[in-house]
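The listed protein sequences correspond, in order, to chains A and B. Residues 0 to 297 (numbering that gives the first Met the number 0) make up the first sequence, in order. Residues 0 to 255 (numbering that gives the first Met the number 0) make up the second sequence, in order.
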Amino acid sequence: MNVIETHNLYKYYGIKKVLDDLNLEVPEGVIFGYLGPNGAGKTTTIRILLNLAKPTKGSVLVLGENISKSRKYLRRIGYLPDVPNFYNYFTAKEYLEVLSEIIGVDKKRVEEVLEIVGLKNEKKRIGAFSRGMKQRLGIAQALLPDPKLLILDEPTSSLDPQGRKEILDLILSLRGEKTVFFSTHILSDVERICDRVGILREGRLLLNDTLDNIKKKLSRRIVKLKVDDPLRMMERVKKEDFVEEVLIKNQNSLIIKVKDLQRAGKKIPEIIVQENLSIMHFEVSEPTLEDIFFEVIS
Amino acid sequence: MILKLMKKEWKELVKTGKIYVLLFVFLFFSIGSPVIAKFTPDIIKSLASGSEMQGIIIHLPPPTWKDALLQFFKNLNQIVFIVIVIVFIGSISEEKNRGTASILLSFGVERKKWLLSKFLFQLFVTFIFVLFSYILCAYYTYFLFKEISIYSSLFATLLYLIYVFFVLSLLIFSSSLGKNTIQSAGIFFAIFIIFNLISIFPNLNEYNPMSLSSFENQWILKGVLWKDAIKNIIFTLIYSFILLFLSIIHFENEEL
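Below, the structure is given as structure tokens:
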């Protein structure tokens, strides 16, 4: 069963197209990484899923409900915004107690979620919280109604490495219990915790598959190469019939997609010798999500 | 749900200390108004007896309970009004701006109920404070002047509450339209000034909520005359409900 389904979803702001025929499917129980550069339409998708914005065209099903007809599904969702803001004059406990009363959740749950995020003994007012603490409180608040689906909008983007690790560990601890829809532009975060990935660019979904499948599809065909003149190498290697595509990743690195890895293993060193180039790195590797991301969005 | 949301508003009012501002302002003017009315002639006389003003004869009629109540309503319509606007103007726009509204609404809280809870809470708090300060003012007035017309002064207070109903509807409307406190205040004062400018045309007075304050004074001075004010009251209530209705429509369709 899919917990999120969008069908031919469009969103315009004036004449600007923000979502373009988005067909997204998120199966139950996965940690779904919704990847895309800034401005790709990730937050807009989330706002539509939460009924905070309306689609221009298309339909959306969340937890089996058509969101334009009912808002009951929101009771089974937990949401963490990209920059979570709270009522600063409350302590974490007071805030969650007020919230639990409004949404009709047992107050015992407040202690539970504070325990999960490690804020149980925090007596400071929220206004004095660090970003990391606010983010953890945001997750506690999202977990408060014991939701089936957690929607987290860039939960790690503004955090230092320590804060990021804490939040990612927290999300990872929910694996198997909840479906987590997690938007980000930090590729390593997705690679670390997600089972499934959707890559969005300019409002279009370019890829939606499990991370394992994506890697399997590409793993046998990637050669990473670092030489002193990558442009010359690129021009030369492009002409070979075992080469499918060549990308320059950064200053000296080439990513060569090949059809026949065995031939590539023999021929590429030969070409380097013929062209009198210096080799700094040669690797037949599993592509990282970063490689896939750049390949897909280019 | 609305009551629970109102409870949250109450906690906010206490935690942010806004309640103490309201308490101080209402207390100050409910006790201060009769005191000022009582002692102003004495103060002026004592000033006039100073060496620089010798020879000037000032005749002032002895103050009455009416002066105390007129002073009370003057303060309610000026300083207390400003304080109410400052305390409540950002109630919706600031929550939209900061994103706290999105969080609550993402839990499935209905937008209409959220907005109405704000309005009802503000109405409840302001009504309680106005009635409380009226009782205090009436007690002090009686204490200082030994007479008061409860009938006139109570109904003049009820007239003020109808005016407050309109002001709070306009506040909710401005706050739901504005994206932050400054914008909301701009919308509020623009509409408020328009209504005040309409007062220039006497034949439109009976349709103008701003005229209610002159009725308050008239009722204190001449007694309660429902017939004169009824049209004004009805139109004020109609405007208030229209403003509330428009606020809900706008907020229901607004993207957050």
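We put the CB at the ideal spot given by N, CA and C, even for glycine. A quick note: this is a predicted structure, and the numbers were derived from the prediction, not measured.
#1: Classify Phe123 of chain B as buried or exposed, calling it buried when 16 or more other Cβ atoms lie within 10 Å of its own Cβ.
#2: Could you spell out where the alpha helix (DSSP H) holding Pro40 of chain B opens and where it closes?
#3: Shorter than 8 Å from the beta carbon of Leu255 of chain B to some beta carbon of chain A?
#4: Measure the C-alpha to C-alpha separation of Lys17 of chain B and Leu196 of chain B and round it to an integer number of angstroms.
#5: Let me make sure I understand the geometry here. Which of B:Leu69, B:Leu242, B:Ile193 and B:Leu135 has the alpha-carbon closest to that of Phe27 of chain B?
#6: Got a sec: is the Cβ-Cβ distance from Glu165 of chain A to anything in chain B below 8 Å?
#7: Going by DSSP in three states, Asn65 of chain A sits in which element: helix, strand or coil?
#8: In the region 103-167 of chain A, which residue ranges form an unbroken beta strand (DSSP E) of at least 3 residues, counting only runs that do not cross its ends?
#9: Using a Cβ-Cβ cut-off of 7 Å (strictly less than) and excluding sequence neighbours within five positions of Leu259 of chain B, which residues of its own chain qualify?
#10: Taking the alpha carbon of Leu288 of chain A as the reference point, which residue from A:Gly35, A:Asp20, A:Glu24 and A:Leu23 has its own alpha carbon closest?
#11: Could you tell me which chain A residues have their CB closer than 8 Å to the CB of Ile193 of chain B, listed as they occur along the chain?
#12: Mind checking whether Ile102 of chain A and Phe106 of chain B have CB atoms under 8 Å apart?
#13: Would you tell me roughly how many angstroms separate the C-alpha atoms of Tyr150 of chain B and Thr140 of chain B, rounded to the nearest one?
#14: Determine the DSSP secondary structure at Gly77 of chain A, reduced to helix, strand or coil.
#15: Please report the distance separating the alpha-carbon of Gln77 of chain B from that of Lys117 of chain B.
#16: Below 7 Å on C-beta distance, what does Lys10 of chain B contact in chain A?
#17: Excluding sequence positions up to five away, which residues of its chain have a Cβ less than 8 Å from the Cβ of Leu114 of chain B?
#18: In chain order, what residues of the same chain lie with their CB nearer than 7 Å to the CB of Thr63 of chain B, ignoring the 5 residues before and after it?
#19: Residues bridged to Arg195 of chain A by DSSP?
#20: If we cut at 8 Å on Cβ distances, does Pro80 of chain A have a partner in chain B?
#21: Report the option in B:Ile233, B:Leu75 and B:Val84 whose CA atom is closest to the CA atom of Glu205 of chain B.
#22: With a threshold of 8 Å between beta carbons, is Arg195 of chain A in contact with chain B?
#23: State the start and end residues of the unbroken beta strand (DSSP E) segment that holds Ile305 of chain A.
#24: Mapping the DSSP letters down to three states, classify His249 of chain B as helix, strand or coil.
#25: With Gly137 of chain A and Lys16 of chain A assumed to form a contact (beta carbons below 8 Å), what rounded beta-carbon distance in angstroms separates them?
#26: List the residues of chain A that Thr235 of chain B touches, going by C-beta distances under 9 Å, in chain order.
#27: Between the region 146-153 of chain A and the region 79-88 of chain A, do at least 3 Cβ pairs fall closer than 8 Å?
#28: Taking the Cβ atom as the reference point for each residue, do Thr178 of chain A and Glu27 of chain A lie within a distance shorter than 8 Å?
#29: Using the DSSP secondary-structure output, state which residues sit across from Lys223 of chain A in a beta bridge.
#30: Can you find a CB in chain A that lies within less than 8 Å of the CB of Lys7 of chain B?
#31: Can you tell which of A:Met233, A:Lys256 and A:Ile267 has the C-alpha that lies nearest to the C-alpha of Asp290 of chain A?
#32: Within this structure, are the beta carbons of Glu111 of chain A and Leu60 of chain A separated by less than 8 Å?
#33: Under 8 Å, with one C-beta from each stretch per pair, do the region 224-231 of chain A and the region 253-269 of chain A reach the 3-pair mark?
#34: Please report whether the beta-carbon of Glu100 of chain A lies at a distance below 8 Å from any beta-carbon of chain B.
#35: Can you give me the C-alpha to C-alpha distance between Glu254 of chain B and Leu51 of chain A, rounded to a whole angstrom?
Short version:
#1: By the Cβ neighbour-count rule, Phe123 of chain B is exposed, with fewer than 16 other Cβ atoms within 10 Å of its own.
#2: It spans Lys17 to Ala47 - the alpha helix (DSSP H) in which Pro40 of chain B sits, taken as one unbroken run.
#3: Put simply, the CB of Leu255 of chain B is near chain A, with a gap under 8 Å to one of its CB atoms.
#4: Looking at the two C-alpha atoms, the distance is approximately 31 Å.
#5: The shortest Cα separation from Phe27 of chain B among B:Leu69, B:Leu242, B:Ile193 and B:Leu135 belongs to B:Leu135.
#6: Using a CB distance cut-off of 8 Å, Glu165 of chain A does not count as an interface residue toward chain B.
#7: In the structure shown, Asn65 of chain A sits in a strand (DSSP, three-state: E or B).
#8: Segments of the beta strand (DSSP E) lying fully in the region 103-167 of chain A: 148-152.
#9: Here chain B covers residues 0 to 255 and nothing more, so residue 259 of chain B does not appear.
#10: Nearest of A:Gly35, A:Asp20, A:Glu24 and A:Leu23 to Leu288 of chain A, Cα basis: A:Gly35.
#11: The contacting residues do not exist; Ile193 of chain B stays about 30 Å from chain A at best.
#12: Closer than 8 Å, so yes.
#13: If you take the alpha carbons of Tyr150 of chain B and Thr140 of chain B, they lie about 14 Å apart.
#14: DSSP, reduced to helix, strand and coil, places Gly77 of chain A within a strand of the structure shown.
#15: Whole-angstrom Cα-Cα distance: 23 Å.
#16: Correct list: Val97.
#17: For Leu114 of chain B, the CB contacts under 8 Å within the same chain, skipping 5 residues up- and downstream, are Ile91, Ile171, Ser175, Ser246, Ile247 and Phe250 in chain order.
#18: The answer, listed in chain order, is Phe144.
#19: According to DSSP, which records beta bridges pairwise, Arg195 of chain A is partnered with A:Phe31 and A:Thr209.
#20: So, interface residue.
#21: Checking every option, the nearest Cα to that of Glu205 of chain B belongs to B:Ile233.
#22: No, because no Cβ of chain B sits closer than 8 Å to the Cβ of Arg195 of chain A.
#23: Summary: the structure shown does not reach residue 305 of chain A, with chain A confined to residues 0 through 297, and so no result is reported for it.
#24: Looking at His249 of chain B - three-state DSSP - the assignment turns out to be helix.
#25: Contact flag wrong, Cβ pair sits at about 30 Å.
#26: Within 9 Å Cβ-Cβ: nothing; Thr235 of chain B doesn't reach chain A, min ~32 Å.
#27: Enough Cβ pairs lie closer than 8 Å, so yes.
#28: Their beta carbons are under 8 Å apart, which means Thr178 of chain A touches Glu27 of chain A by this criterion.
#29: Looking at the DSSP assignment, Lys223 of chain A forms a beta bridge with A:Ile254 and A:Glu282.
#30: Yes, because at least one Cβ of chain A sits closer than 8 Å to the Cβ of Lys7 of chain B.
#31: The option with the nearest alpha carbon to Asp290 of chain A is A:Lys256.
#32: Their beta carbons are not under 8 Å apart, which means Glu111 of chain A does not touch Leu60 of chain A by this criterion.
#33: Segments in contact, yes.
#34: Judged by the 8 Å Cβ criterion, Glu100 of chain A is in contact with chain B.
#35: Roughly 6 Å separates the two Cα atoms.
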